[in-house]
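J.: Heads up: the sequence shown begins at 7 in the working numbering, then just goes up one per residue.
All C-beta atoms, glycine included, are put in the ideal place defined by N, C-alpha and C.
As the structure is a prediction and not an experimental result, all values here were calculated from the model.
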Amino acid sequence: MSAPLRGIVAYPITPFTEAGRVDERLLAKLVDDMLAAGVHALAPLGSTGVLPYLSDDEREAVAETVVKRVGGRVPTLVGVSSLTTERTVHHARHAEKLGASAVMIIPMSYWKLTDAEIVAHFDAVARAIAIPIALYNNPATGGLDLGPDTIARLLQIPNVTMVKESTGDVNRMHRLVQLCGEDVAFYNGSNPLALAALVAGARGWCTAAPHVIPRLNIELYDAVTRGDLAGARRLFYRQLPFLQFIVAHGLPRAISAALELMGTRVGPLRAPLQPLARERVEELRTILVDLQVIPGP
7 MSAPLRGIVA YPITPFTEAG RVDERLLAKL VDDMLAAGVH ALAPLGSTGV
57 LPYLSDDERE AVAETVVKRV GGRVPTLVGV SSLTTERTVH HARHAEKLGA
107 SAVMIIPMSY WKLTDAEIVA HFDAVARAIA IPIALYNNPA TGGLDLGPDT
157 IARLLQIPNV TMVKESTGDV NRMHRLVQLC GEDVAFYNGS NPLALAALVA
207 GARGWCTAAP HVIPRLNIEL YDAVTRGDLA GARRLFYRQL PFLQFIVAHG
257 LPRAISAALE LMGTRVGPLR APLQPLARER VEELRTILVD LQVIPGP
């Protein structure tokens, strides 16, 4: 399939041991938990998985752990972004060899790239692999904002078939449909925009929230799919405080803190990232109690 993803695309954190190594055993358990909850796809090595903070060997270990643990039960979307085209190609080939369903690329750069450089970057990766590529636009993390016209140009590359849009501007999605037609496969990456994006026609919602509230995430998607917009609104506003919190305080920090409150020790964050401040943890605790994820005092 040219766009194998649909539904709730769950983004696992990358847990670490107390010694600072990737905790592959815990990562496999987190994958099992989200699969058991019914997510529709797994996407290791996104922003939640602290991709830029990992060595090449660590990245490959994370990708291998997730793809093998999933075992083809749902599609896998592996993040392969890197500063250089050569390294991006390297990681894309590795993901394809593992059996990933698709790879995701966010253009990353110290110097601001021109449109021509971005197109050449994606074209080089596309020529090196046969599986689909999801283009990831998130200027808040990658430092580059790909406008709809540039994205439309990139979608002309044969196996660049999916777009994850995380600017938080639903008008970007409408513009993509205008430029590329109704069949454009776009996915929401902005958690607080989940309802609006799904109603606008997003094929899926890329989120780390299934670590904590998978049932609510899946029920929201199902409600929109069956046309129950009143139910979808209720489900969305129920989870919105949590979605706003994890975005405001950083996905790796917030999801790790939530898992700790739920009783799963996930180890330290990769420096320079630091854990949530105590007052923020207490704010998160209140949200999780309200969601009935953890018991109240």
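Using three-state DSSP, classify M168 as helix, strand or coil.
T.: Strand.
J.: Could you check the C-alpha separation between L150 and P303 for me, to the nearest Å?
T.: Distance between the alpha carbons of L150 and P303: 44 Å.
J.: If we ignore side chains and look at the alpha-carbon of each, how far apart do R79 and H46 end up?
T.: Distance between the alpha carbons of R79 and H46: 9 Å.
J.: CB-CB under 7 Å to P10, same chain, minus the five flanking residues each way: which ones, in chain order?
T.: Cβ neighbours of P10 beyond the five flanking positions: P81, S107, A108 and P138.
J.: By the three-class DSSP mapping on this structure, what secondary structure does A191 have?
T.: Here A191 sits in strand by DSSP.
J.: Between E225 and the rest of its own chain, which residues show a CB-CB distance below 7 Å, the 5 nearest in sequence each way excluded?
T.: Cβ within range, chain order: L241.
J.: Can you name, in chain order, every residue of its own chain whose Cβ lies under 7 Å from the Cβ of L199, other than the five neighbours on each side?
T.: Answer for L199: G174 and V176, listed in chain order.
J.: Which one of A206, A260 and A126 has the shortest CA to CA distance from Q280?
T.: Of the candidates A206, A260 and A126, the one whose C-alpha sits nearest the C-alpha of Q280 is A260.
J.: Where do the N-terminal and C-terminal ends of the beta strand (DSSP E) with Y142 fall, by residue?
T.: Run containing Y142: I139 to N143, per the beta strand (DSSP E) assignment.
J.: With a Cβ-Cβ cutoff of 9 Å, do L89 and M114 count as a contact?
T.: Contact: yes.
J.: Are there 16 or more other CB atoms within 10 angstroms of the CB of D121, so buried, or fewer, so exposed?
T.: By the 10 Å Cβ count, D121 comes out exposed.
J.: My understanding is that L249 touches A215, with C-beta atoms under 8 Å, so please give their C-beta distance in whole angstroms.
T.: At roughly 6 Å, the Cβ-Cβ gap stays under 8 Å, so L249 and A215 are in contact.
J.: Identify whether G237 lies in helix, strand or coil by the three-state DSSP scheme.
T.: Residue state, collapsed to three classes: helix.
J.: Could you tell me the boundaries of the alpha helix (DSSP H) in which A69 lies?
T.: Start and end: D62 to V76.
J.: Output the distance between the C-alpha atoms of H97 and A236, rounded to the nearest integer angstrom.
T.: H97 and A236: Cα-Cα distance of roughly 43 Å.
J.: Is it buried or exposed for D29, if we count other Cβ within 10 angstroms and need 16 for buried?
T.: Answer is buried; the Cβ neighbour count reaches 16.
J.: I'd like the span of the beta strand (DSSP E) that includes L36, first residue to last.
T.: Note, L36: premise wrong, no beta strand (DSSP E); alpha helix (DSSP H) at E30 to A43.
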